[in-house]
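K.L.:
In terms of our numbering, the sequence shown has 286 at position 11, counting the first letter as 1, and numbering is strictly consecutive.
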Amino acid sequence: MEIPQAPADDFVDAVEDTVNEGRDELATKDDLRALAAQLMQDAAEREARILQNQLVMVGVILGAMAIATGIIIAFVTLSA
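Structural data, given as structure tokens:
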């Protein structure tokens with residue numbers, strides 16, 4: 276059984292079509308720049324949220340220390 280052979284021009288056209296289809300799916304420089312800008316913006320937002328959470332934790336710790344100091348002062352004052 277013989278396998279039919281396509282003419283060379285048809286083969287070249289098929290390869291060119293395949294290559295062009297692959298190129299159409301590739302991201303352009305503008306797409307990559309937009310993606311990089313979006314990723315940098317997301318990272319900045321994450322950093323801001325982390326910093327905000329850290330500041331809240333510091334505030335809670337300072338508040339707890341102030342309450343504990345007040346309780347200790349009250350206890351010492353009442354004991355004396």
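All residues carry an ideal CB built from backbone N, CA and C; glycine is no exception.
Give me the Cα-Cα distance between R308 and L330, rounded to the nearest whole angstrom.
P.N.:
Each residue's alpha carbon lies about 33 Å from the other.
K.L.:
Give the range of the alpha helix (DSSP H) segment to which L337 is assigned.
P.N.:
Per DSSP, L337 belongs to the alpha helix (DSSP H) from 304–354.
K.L.:
What's the gap between the Cα of A343 and the Cα of V333?
P.N.:
Looking at the two C-alpha atoms, the distance is approximately 15 Å.
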